[in-house]
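Colleague: Residue numbers (my numbering): 21 to 223.
Dropping the structure in here first, questions after.
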Amino acid sequence: MKVISYRKDGVEGIGIMVDEVNCVSLGSSMPDLPTTLMGLLNFEGDMEAAKSTIQGRPADFKLQDVELLPVIPDTPVIWCAGVNYKDHANETGRGHQDEPMLFIRSNHGVIAHGAPLIKPKISNMLDFEGELAVIIGKHGRHIPQDEAFNHIASYSIINDGSVRDWQRHTILFCPGKNFEGTGPFGPWMVTPDEFGDLPIASL
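In structure tokens, the structure reads:
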């Protein structure tokens, strides 16, 4: 199942893609559900209910007729794993890391798929990085490794736009990762049953 956040006629909503072009409005199908993806993810079982409800329904609109929003517009924070694959680690001279190098992207830098990136005036070193976004849907702490995938609600992609010179101001990367308008997120999130095998996914 592919799910979008959108705005149409000034009203925000959740849509479920029928195919690559046509979409069903979840609000028109299930008006009692939360109206944001963040709200929907907070209630276990709602995603499955949404999937069963839209089966066989005709599309409410085409993707081109709405304004896409970031997949989860109101996410408070995005945790990121830096230098997270071997080639890039070797490229930077860091080599193998036993523990992930984590940093935070704040919500204000995230924009919708297709929205223009904003190049900051104070740097000529804006770079792009396509990344897999893993969206957590089930709460938990001290989760056993073999149960971790049970907490994943969906996957998406994000362009981790990086202002390289500002990124190097500190060891945590954060200054270069949080410029306004540098994190396109979407166009949609894909549930695990449709996403396929993670080890062979490519961006």
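All residues carry an ideal CB built from backbone N, CA and C; glycine is no exception.
If you're wondering where the values come from, they're calculated on a predicted model, not measured in any experiment.
Kindly give me the distance between the Cβ atoms of F123 and L192, rounded to whole angstroms, as I take these residues to be in contact under 8 Å.
Modeller: Between L192 and F123 the Cβ distance is about 5 Å, and since that is below 8 Å, they are a contact.
Colleague: Taking only the alpha-carbon atoms, compute the straight-line gap between F148 and E87 and give it to the nearest angstrom.
Modeller: Taking the straight line from one Cα to the other gives about 23 Å.
Colleague: Among F205, S25, G102, K71, which residue has its Cα nearest to the Cα of P120?
Modeller: For the residues F205, S25, G102, K71, the minimum Cα distance to P120 belongs to G102.
Colleague: If the criterion is Cβ atoms closer than 9 Å, does the pair S176 and F205 meet it?
Modeller: Yes; because the gap between Cβ atoms is below 9 Å, this pair is in contact.
Colleague: State the Cα-Cα distance for the pair R188 and I178, rounded to the nearest angstrom.
Modeller: The straight-line gap from Cα to Cα measures roughly 21 Å.
Colleague: Could you pull the start and end residues of the alpha helix (DSSP H) that F169 belongs to?
Modeller: Here F169 belongs to no alpha helix (DSSP H), and DSSP marks it neither H nor E.
Colleague: Going by Cα to Cα distance, which pick from D39, P195, P78, D80 is closest to I142?
Modeller: Residue P195 is the option with its Cα nearest to I142.
Colleague: Measure the Cβ-Cβ separation of T56 and I24 and say whether it is below 9 Å.
Modeller: No. Outside cutoff.
Colleague: Let's test the definition: count the other Cβ atoms within 10 Å of the Cβ of P90 and tell me whether it reaches 16, buried, or not, exposed.
Modeller: By the 10 Å Cβ count, P90 comes out buried.
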